[in-house]
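Per my numbering, the sequence shown starts with residue 1, numbered consecutively.
No residue lacks a Cβ here, since even glycine has one placed at the ideal position from N, Cα and C.
Okay, structure first, notes after.
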Amino acid sequence: MSAVVVVGNGIAAHRLVDRLHHHGHQGTVTVLGAEPVPAYNRVLLPSVLDGTLPARALALPAPPDGTVVLLGTRVTGIDRERRLVHASDGTSHPYDHLVLATGARPRIPAVPGLLTEAGRLADGVTPLRTLADSRRVTGGQVAVVGAGVLGVETALALRRGGTRVTLVHPRPYPMNRQLDAAAGALLARGLRDHGIRLELSRQAVAYSPGSLTLDRGQAIGTDTVMVCAGVRPDTRLARAAGLAVRTGVVVDTALTTDDPHIHAIGDCAEEGGTVPGLATTAWHHADRLAAILCGRPTRPATCASVTRLKAPGLDIAAYGPPGPADEVEETVTLQDPARGGYARLELRDQRLLGAVLVGYPQAIAALGALGDQGLPVPSDRLAFLLGIPAGRGGPVELPDDAVVCHCNNVTKRTLADSWRGGARDAAALAAATRATTGCGSCAGAVRDLCAALHAAAGPRPEPAVAEALR
């Protein structure tokens, strides 16, 4: 019997609690969440801005019976000697294993006026990190500062909701960390086609309510400034407790800090000198630590970095960072400017190192599966990109235990079993397994698997025929 206390109630914490139950953890599990609402999928927050999803649709499944979840409860300190966690409500919680899943904090640029003298966000300024943040958008004009993935998704969502949007970014093209210049130019064109005003290679230098000033003196009228300029690991609690901290909370391959009773997962954890800041990494951390705490050590999983952006007329994906030049054996580039299509694949030993795709949705759907399973890219590269069946790489060829939906850890076997149990289309599979209800990037693979299962099963007999065969 062991007592596990989890600090944080985001996607990493939620997955950890679920997997502890799955592995038959013996002992208590207590979750301390600072937000006053149950766990939800913050990846989908932009969809709340335009009304595509109601806030309640972001809710994650309730934790297993017996889990103690304290909402609106901030942890104020850790007593490592006595193994106690002190909370803002005056309670203390003993632990055998303490898991820090404190996530990350929005990075606020050093722009005069964004913060008050007391260090709080000024009126009309908000990040997009919580459900409460999504409710702070007011007025018909919004300036979004930062055109990374979140900034672009936020700008698109606001525009779909009828808001006039200006997107300010210091680099020559949006999503510069994920895309190359050619793909970035296509994305910029698509954003303008959606009615978003772009201010690229520009920086905000001052803010006052109603106005954001750029570095060439131009003032942008705005009712709300949404800051989407990246995040930094929330290490405050770990640092105060004297744990090793660099960029994030330093952990080893067992996700353990320099205190053997304290672990860290998700956006706050630094493993091997890196802080990926990806939802998939958080889920892999949770899966691995749950197995370890239940006496089932597991090797670190290869975690594919797949970024997906979808909007009407825009279908963009980036797989991993570009490979080091000395590791790339083959680069495949396809450009179709007339149709707004672009693709670049970087390969070694016929396998994917990195990729950028604009358009080519069927190839996008196959990217993550190829990378996760280490499968070779089909030899007919053009057919693969254009979605012409090549006999390999589709969901049918994946092993049964391959994860198709990383957001909800849904395997091919789970999807197939649900299909055989009566969930015969993508919507029914989503309801049965929650696949596709996270970031949505697995929707194509789920549809393809569903179609393949239909084809393999053959036509279903009419009810009268079926009755006669009994």
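> Is the Cβ-Cβ distance between Ala188 and Val145 less than 7 Å?
Replying inline: In this structure, Val145 does not lie closer than 7 Å to Ala188 by Cβ.
>> Give me the residue from Cys405, Gly210, Glu329 with the minimum Cα distance to Ala279.
In response: Closest by alpha carbon: Cys405.
> From which residue to which residue does the beta strand (DSSP E) around Leu198 run?
Replying inline: 197 to 200 is the extent of the beta strand (DSSP E) around Leu198.
>> For a test of the three-state rule: what should DSSP assign to Pro209, helix, strand or coil?
In response: Reduced to three states, the DSSP call for Pro209 is coil.
> What's the call for Pro46, buried or exposed, on a 16-neighbour Cβ count within 10 Å?
Replying inline: With 16 or more other Cβ atoms within 10 Å, it is buried.
> Can you tell me whether DSSP reads Asp417 as helix, strand or coil?
Replying inline: Correct three-state label for Asp417: helix.
> What did DSSP end up calling Gly66 once you bin it into helix, strand or coil?
Replying inline: If DSSP states are grouped into helix, strand and coil, Gly66 belongs with coil.
> What are the complete alpha helix (DSSP H) segments, minimum 4 residues, inside the region 268 to 344?
Replying inline: If we require 4 residues or more, the alpha helix (DSSP H) runs fully inside the region 268 to 344 come out as 279 to 293.
>> If you follow the beta strand (DSSP E) that Gly354 is in, where does it begin and where does it stop?
In response: From DSSP, the beta strand (DSSP E) with Gly354 extends over 351 to 358.
>> So for Leu53, helix, strand or coil by DSSP?
In response: In this structure, Leu53 counts as coil in the three-state DSSP scheme.
> Which parts of the region 113 to 137 are runs of the alpha helix (DSSP H), unbroken and 4 residues or longer, counting only runs that do not cross its ends?
Replying inline: You should have 131 to 134.
>> So, under 8 Å CB-CB, Leu128 and Met226 are touching, yes? Tell me the CB distance rounded to an integer number of Å.
In response: Cβ-Cβ separation between Leu128 and Met226: approximately 6 Å, consistent with a contact (criterion under 8 Å).
>> With a threshold of 8 Å on Cβ separation, who are the neighbours of Thr331 within its own chain once the five nearest residues in sequence on each side are excluded?
In response: Apart from sequence neighbours up to five positions away, the residues of its chain that approach Thr331 with a beta-carbon distance below 8 Å are Arg344, Leu345, Glu346, Leu347, ordered along the chain.
> Could you give the residue range of the alpha helix (DSSP H) that holds Asp79?
Replying inline: Taken as a continuous stretch (DSSP letters only), Asp79 belongs to no alpha helix (DSSP H), being part of the beta strand (DSSP E) at 75 to 79.
> Rounded to a whole number of angstroms, what is the C-alpha to C-alpha distance between Arg392 and Ala427?
Replying inline: Low per-residue confidence applies at Arg392: pLDDT is 44, beneath 50, and the placement is therefore not dependable, though the value from the model is reported in the following sentence. In a straight line, the C-alpha of Arg392 is about 25 Å away from that of Ala427.
>> Looking at the strands, I want to know which residues DSSP matches up with Val99.
In response: According to the DSSP secondary-structure assignment, Val99 is paired through a beta bridge with Val6, His263.
>> Rounded to the nearest angstrom, what separates His93 and Glu270 at their Cα positions?
In response: Rounded to whole angstroms, the separation of the alpha carbons of Glu270 and His93 is 25 Å.
> Hey, would you say Ala241 sits closer than 7 Å to Ile78, going by beta carbons?
Replying inline: Yes, Cβ-Cβ distance for Ala241 and Ile78 is below 7 Å.
> When burial is assigned at 16 or more other CB atoms within 10 Å of the CB, is Pro209 buried or exposed?
Replying inline: Exposed, because fewer than 16 other Cβ atoms sit within 10 Å of the Cβ of Pro209.
>> Under 8 Å: do the region 18 to 29 and the region 58 to 67 share three or more Cβ pairs, one atom per stretch?
In response: With the rule of 3 Cβ pairs closer than 8 Å, the region 18 to 29 counts as touching the region 58 to 67.
>> Assuming contact is defined by CB atoms lying nearer than 7 Å, are Val477 and Val4 in contact in what I supplied?
In response: There is simply no residue 477 to check, as the chain begins at 1 and stops at 470 in what is shown.
> Taking buried to mean at least 16 other C-beta atoms within 10 Å of its own C-beta, is Ser481 buried or exposed?
Replying inline: Lying before the first or after the last residue shown, residue 481 is absent from the chain, which here runs from 1 to 470.
> Given that a residue counts as buried once 16 or more other Cβ atoms are within 10 Å of its Cβ, and exposed if not, what is Met175?
Replying inline: Result: buried.
> Which residues in the same chain have their Cβ closer than 7 Å to the Cβ of Arg160, if we skip the five residues on either side of it in sequence?
Replying inline: Here the set comprises Asp50.
> Applying the criterion that 16 or more other CB atoms from any shown protein chain within 10 Å of the CB defines a buried residue, is Ala39 buried or exposed?
Replying inline: Classification of Ala39: buried, given that the 10 Å Cβ count is 16 or more.
> When DSSP builds the beta bridges, which residues end up paired with Ser92?
Replying inline: The partner list for Ser92 (beta bridge, DSSP) reads His86.
> How about Leu214 and Thr222: are their beta carbons less than 7 Å apart?
Replying inline: No. Outside cutoff.
> Hey, would you say Leu293 sits closer than 7 Å to Val75, going by beta carbons?
Replying inline: No.
>> One question on the structure: do Cys228 and Leu100 come within less than 7 Å of each other, judged by their Cβ atoms?
In response: Inclusion of Cys228 and Leu100 in the CB contact set at 7 Å is not warranted, their separation being larger than that value.
> Would you report the Cα separation of Gln26 and Pro106, rounded to the nearest angstrom?
Replying inline: Their backbone Cα atoms lie some 36 Å apart in a straight line.
>> Quick check: the Cα distance between Asp349 and Ala57, rounded to an integer number of angstroms?
In response: Between the alpha carbons of Asp349 and Ala57 lies a distance of about 42 Å.
>> Using only CA atoms, which one of Thr433, Leu429, Trp283 lies nearest to Ala451?
In response: Of the listed residues, the one whose Cα sits closest to Ala451 is Leu429.
>> Taking 7 Å as the threshold (C-beta atoms), are Gly354 and Gly313 in contact?
In response: No, Cβ-Cβ distance for Gly313 and Gly354 is not below 7 Å.
>> Rounding to the nearest angstrom, what Cα-Cα distance links Leu156 and Gln362 in this structure?
In response: Approximately 23 Å between the Cα atoms of the pair.
>> Please report the straight-line C-alpha distance between Ala390 and Leu191, rounded to a whole angstrom.
In response: The predicted position of Ala390 is uncertain, since its pLDDT is 45 and thus under 50; a value taken from the coordinates is nonetheless stated next. Those two C-alpha atoms are separated by around 33 Å.
>> Under 6 Å: does the beta carbon of Gln141 sit that close to some heavy atom of the ligand ZN?
In response: No copy of the ligand ZN appears in this structure; indeed no ligand is present at all.
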